[in-house]
Amino acid sequence: MLEKNPVIFIILAFVVIMVGTSITMIAPFKWINGPGDMIAEVKPYTPLQQEGRDLYMREGCNNCHSQTVRTLASDVERYGYGGTYSKSGEFVYDRPHLWGSRRTGPDLAHIGLKYPDPKGAWHRKHMENPQSVVPASNMPSYAFLNVPLDTTYSERKMKLLKFPYTQADLNDLKGKSEMDAIIAYMRKLGTDIPVKKADAAATQVLPTASNPFKDVEAIEKDAKSLFSQHCASCHGEKREGTLGPALKGSAKSDADLFKIISQGIEANGMPSFNTSLDEQKIWKIVTLIKLDTK
Amino acid sequence: MNAKTQYYDDSVKGFIIWSLIWGTIAVVVGILISLQLAWPQLNVAPYLTYGRLRPIHTNAGIFGWGIGSFIAMFFYITQRLTKTPLWSPKLARVTLWIFNVAIASAAVTLAMGINRTKEYAELEWPLAIIVAIIWVLFSINVFMTILKRKEEQMYISLWYIMAALVGVTVLYVVNNLGVPLHLFKSYSAFAGTNDANVQWWYGHNAVAMVLTVPPLAIFYYFLPKITGNPIYSHRMGIIAFWSLIFMYLWTGAHHLLWTPIPDWIQTVAMAFSIMLIAPSWGAVMNGYLTMNGQWEKMKSNYLVKFMICGITFYGLQTLQGPMQAIRSFSAFIHYTDWVPGHVHMGTMGWVSMVLFGAIYYVTTTLSGAEIYSVKMANTHFWLVLVGQLIYSITMWIAGVQQGSMLLATNPDGTLHYSFMETMIAIFPYYKIRAVSGFVYLAGLALFIYNIYKTFQKGEESKTAKA
Ligand code: HEM
Ligand code: HEM
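Going down the list, the sequences are from chains H and C.
Read in this note's numbering, the first sequence has 281 at position 240, and its numbers run on one by one without any break.
Read in this note's numbering, the second sequence has 625 at position 213, and its numbers run on one by one without any break.
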């Protein structure tokens with residue numbers, strides 16, 4: 042029968058493929074993005090951020106960057122930036138999702154926490170010429186985003202996506218470039234949910250308030266490698282100063298330097314490192330910085 | 413013998429030629445993006461940046477080369493298995509025409525950055541609608557031919573063909589649902605985690621309904637033709653068929669392990685992925701056993717080489733895939749170059765190998781001439797085999813190396829390597845992979861030349877006779 046009737050055959054084939062489909066794809070609509078998933082702090086995108094998101098899609102950044110911190114400890118450590126793993130509620134305004142399937146570059150789900158600078162100076166320099174910041178990077182240069190942003194559809198987008206917006210938000214679009222929009226989007230990612238870092242954690246680290254590393258030579262190699270990993274992109278490979286000031290020696294005390302590195306000066310673009318560097322490592326870097334003090 | 417049925421094969425030839433053109437473009441763009449990963453200075457203009465070219469590569473590969481030649485083969489196979497001429501040759505010609513316009517527009521719009529970003533469903537809504545129309549027109553043509561068939565029995569290939577027609581339609585339509593903003597931009601109908609779940613239900617079943625079911629249909633048809641042996645077990649084919657199309661649909665979430673997708677969906681996906689080994693290997697064994705008593709043809713017959721090598725890669729692919737679907741292994745290789753290694757064993761190995769064999773065979777029947785050069789076909793075989801092996805093996809090594817570096821921690825729980833250290837370690841592999849691309853392209857060039865010459869030879873002998 043089946044072998045002979047193509048109409049019955051395709052109906053049966055359809056039914057067979059709909060079983061798994063119904064259970065694993067259709068049924069989950071009932072609870073994914075439901076009240077249990079919602080996180081009150083997570084806000085929809087502003088018009089500028091949404092424009093940035095659309096540019097991210099246009100440029101296909103998702104082909105190299107993922108946007109989900111998996112529940113694995115190493116993922117949280119590397120890409121959490123003080124936050125935890127990604128939760129469903131962080132994505133409820135994402136149409137489409139941009140989780141990606143490849144990490145040619147790092148995960149960006151919480152990138153806003155890594156570069157807190159409100160002016161986005163690091164992003165600007167990096168987007169214009171990634172290799173000027175990270176020499177071995179294979180990210181393309183996006184200097185061509187330095188053109189005025191097309192805002193024709195900005196308001197329609199908000200309406201279509203049912204995101205709240207104000208006249209001030211729309212005024213904020215005036216004079217902005219595509220670069221500004223994509224940076225605004227980068228800065229938003231991961232920053233809605235407050236991260237408890239700041240002072241409490243920092244003072245916890247301070248008890249051995251004296252630098253344990255007096256012998257520079259023993260730690261120099263470690264310290265240099267830490268510096269080039271975490272600091273060189275803003276202070277220069279040779280500590281000569283680029284986006285941030287030069288760090289060849291410092292008049293500040295060891296303890297003060299420790300505090301700056303641990304807590305950051307976020308308003309001016311210096312990130313806090315108390316979640317990504319432990320006490321020992323910070324002291325090593327401090328020792329290195331003080332090395333050339335005259 | 414019955415009176416000879418007049419088959420309509422112009423569109424078969426048309427689709428073959430165009431799929432070769434799009435396939436060549438896919439490979440050339442593949443080489444370009446593999447070079448860009450090693451030398452980022454090659455991102456010379458906005459429309460030639462990696463982020464815009466990668467979807468052109470995957471779309472030209474899957475839709476242009478894959479689907480293009482599947483359509484050709486389905487037209488060819490369906491007519492022969494039903495002993496019935498194609499329902500509407502005119503519709504077939506129109507389908508080819510729209511197909512080419514759609515693939516060309518896909519390349520242009522993707523280069524312009526008009527991109528929905530959902531993998532293998534990147535095309536914006538007007539083009540997505542056109543793609544759906546192409547598929548429906550093609551499906552009607554094949555299905556009507558089957559309905560009007562003169563041969564009552566439906567051979568297993570026809571089952572696979574009909575399943576693909578239904579499956580692709582359902583998948584493509586659902587994952588493309590969205591709300592248009594204007595002609596060149598729409599927003600997905602689904603948000604966040606839901607969107608991800610729908611996407612990978614689609615993504616993985618695109619692998620099933622496009623990169624597995626059609627090549628299987630083709631394999632089941634051509635292997636007996638080439639060897640002269642009937643397929644080993646029709647019954648085994650049927651059991652494998654139903655369990656395959658049943659199980660595949662449960663497994664999408666193996667692309668989303670450790671993400672916010674509900675745990676039970678991940679676990680179900682993991683379990684079904686492992687169960688998939690059975691029906692997949694059912695097909696592989698059916699192929700091998702069909703070769704009984706004919707294994708010496710692996711040496712003497714270039715077509716057998718392509719078919720058996722292809723099904724072997726399918727076998728490996730369906731062992732590797734389930735492994736990747738296990739949580740602990742996924743933690744290690746997900747997001748790394750291991751996955752492109754898997755993908756290209758499937759596309760350059762399995763899918764392309766079977767298509768190469770089928771196209772050689774069909775070219776000789778359509779042109780009425782022997783193949784222009786068997787030696788060239790053998791060289792083609794070795795070049796694509798070596799190219800593909802170098803590609804996949806270097807990427808597996810790169811993936812394992814980067815994966816283990818990324819997970820390495822110090823005794824105090826901090827990370828041992830920075831991201832850039834892990835990346836610098838794999839640059840040498842990127843360079844070797846680019847070389848493998850050129851080897852593969854050389855093989856492809858020989859193939860196309862051989863096909864061209866064979867058609868030419870056919871034309872010449874026809875005019876000579878006339
Ligand atoms: C039983 C069979 C198979 C299973 C269980 C399976 C499983 C998987 C898994 C788990 C991944 C995700 C890897 C990751 O991102 O961590 C994957 C990716 C992929 N597989 Fe397979 N695979 C199978 C067969 C095949 C075959 C025959 C092909 C044919 C070409 C194929 C093509 C792909 C492609 C294109 C991707 C990449 C998707 C993307 O990330 O964009 N797979 N597979
Ligand atoms: C010489 C031949 C080829 C070369 C050099 C090549 C190169 C590449 C490169 C560099 C990528 C990006 C990998 C990454 O994300 O790091 C890629 C992805 C991909 N290619 Fe190819 N490719 C070739 C042939 C093909 C063919 C013939 C097909 C299809 C029929 C294909 C289908 C794909 C797919 C589906 C992906 C996406 C994989 C994923 O998401 O993980 N490729 N290819």
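Even glycine gets a Cβ: it sits at the ideal position worked out from N, Cα and C.
Treat the numbers as computed from the prediction; the structure is a model and nothing was measured.
Residue i: which of the options sits nearest, CA to CA?
| i | options | result |
| --- | --- | --- |
| lysine 562/C | Pro497/C, Leu522/C, Ile510/C | Pro497/C |
| alanine 681/C | Ala737/C, Leu656/C, Leu577/C | Ala737/C |
| glutamate 118/H | Trp670/C, Val580/C, Thr821/C | Thr821/C |
| glutamine 304/H | Leu332/H, Val133/H, Lys155/H | Lys155/H |
| isoleucine 224/H | Asn179/H, Asp158/H, Tyr134/H, Asn309/H | Asp158/H |
| proline 752/C | Leu827/C, Leu801/C, Thr777/C | Leu801/C |
| glycine 825/C | Gly61/H, Leu113/H, Phe70/H, Ile80/H | Leu113/H |
| tryptophan 808/C | Tyr841/C, Ser785/C, Val796/C | Tyr841/C |
| proline 642/C | Met703/C, Asn587/C, Gly664/C, Lys597/C | Met703/C |
| isoleucine 428/C | Gly478/C, Lys874/C, Thr748/C | Gly478/C |
| serine 764/C | Val786/C, Pro734/C, Arg739/C, Gly799/C | Gly799/C |
| alanine 789/C | Pro823/C, Ile863/C, Val456/C | Ile863/C |
| alanine 601/C | Lys637/C, Gln611/C, Gly590/C | Gly590/C |
| leucine 503/C | Val582/C, Ala576/C, Met621/C, Asp422/C | Asp422/C |
| aspartate 221/H | His138/H, Val56/H, Pro88/H, Lys200/H | Pro88/H |
| isoleucine 771/C | Phe487/C, Phe555/C, Val441/C, Val582/C | Phe487/C |
| isoleucine 657/C | Gly705/C, Asp749/C, Val619/C | Val619/C |
| tyrosine 633/C | Val847/C, Thr417/C, Leu493/C | Leu493/C |
| arginine 186/H | Arg111/H, Ser63/H, Asn170/H, Leu149/H | Note that residue 186/H is leucine in the sequence shown here, rather than arginine. That would be Asn170/H, whose Cα lies nearest to the Cα of leucine 186/H. |
| serine 779/C | Ala695/C, Glu833/C, Lys425/C | Lys425/C |
| methionine 66/H | Leu432/C, Asn606/C, Ala518/C | Asn606/C |
| serine 830/C | Val441/C, Lys843/C, Gln814/C | Gln814/C |
Distance, Cα to Cα, residue i vs residue j?
| i | j | result |
| --- | --- | --- |
| alanine 854/C | isoleucine 443/C | 12 Å |
| isoleucine 301/H | aspartate 233/H | 24 Å |
| histidine 106/H | isoleucine 152/H | 11 Å |
| leucine 318/H | leucine 288/H | 18 Å |
| leucine 460/C | methionine 817/C | 31 Å |
| glycine 722/C | proline 592/C | 41 Å |
| valine 327/H | glutamate 278/H | 16 Å |
| tryptophan 499/C | asparagine 553/C | 6 Å |
| lysine 203/H | lysine 865/C | 59 Å |
| aspartate 295/H | proline 312/H | 18 Å |
| lysine 869/C | phenylalanine 859/C | 15 Å |
| serine 173/H | histidine 167/H | 7 Å |
| glutamate 131/H | leucine 731/C | 35 Å |
| aspartate 191/H | serine 142/H | 29 Å |
| glycine 61/H | arginine 144/H | 29 Å |
| serine 551/C | valine 48/H | 13 Å |
| glycine 146/H | methionine 835/C | 9 Å |
| proline 253/H | aspartate 675/C | 45 Å |
| isoleucine 52/H | lysine 198/H | 40 Å |
| aspartate 240/H | leucine 535/C | Low confidence applies here, because aspartate 240/H scores a pLDDT of 44, under 50, leaving its location unreliable; read the following figure in that light. When rounded, the distance between both Cα atoms is 48 Å. |
| asparagine 179/H | methionine 524/C | 21 Å |
| proline 452/C | isoleucine 720/C | 38 Å |
| tryptophan 670/C | arginine 505/C | 47 Å |
| serine 848/C | methionine 760/C | 11 Å |
| alanine 68/H | valine 610/C | 11 Å |
| isoleucine 638/C | valine 716/C | 7 Å |
Could you give the first and the last residue of the continuous alpha helix (DSSP H) run that contains residue i?
| i | result |
| --- | --- |
| valine 716/C | 714-736 |
| tyrosine 156/H | Careful: tyrosine 156/H lies outside any alpha helix (DSSP H) and carries neither H nor E. |
| serine 816/C | 786-819 |
| leucine 211/H | 208-212 |
| cysteine 105/H | Unbroken run through cysteine 105/H: none, as it is neither H nor E. |
| glycine 870/C | 831-877 |
| proline 88/H | 88-99 |
| isoleucine 64/H | Run containing isoleucine 64/H: none; DSSP gives neither H nor E here. |
| isoleucine 168/H | The sequence shown places methionine at residue 168/H, rather than the isoleucine named in the question. Per DSSP, methionine 168/H belongs to the alpha helix (DSSP H) from 162-169. |
| lysine 279/H | Lysine 279/H -> no alpha helix (DSSP H), and no H or E assigned at all. |
| glutamine 453/C | Looking at the DSSP string, glutamine 453/C is not in any alpha helix (DSSP H), and its letter there is neither H nor E. |
List, in chain order, every chain D residue whose beta-carbon is nearer than 9 Å to that of residue i.
| i | result |
| --- | --- |
| lysine 560/C | Within the model displayed, chain D is absent; protein chains H and C are what it includes. |
4-residue-minimum alpha helix (DSSP H) runs that sit fully inside the segment 467-502 of chain C, ordered along the chain: 480-494
Completely contained beta strand (DSSP E) runs for the segment 553-635 of chain C, where each covers 3 or more residues: Fully enclosed beta strand (DSSP E) runs of 3 or longer: 590-594, 597-600.
Alpha helix (DSSP H) segments (min. 4 residues) lying fully within the segment 639-710 of chain C: 646-659, 675-687, 689-702
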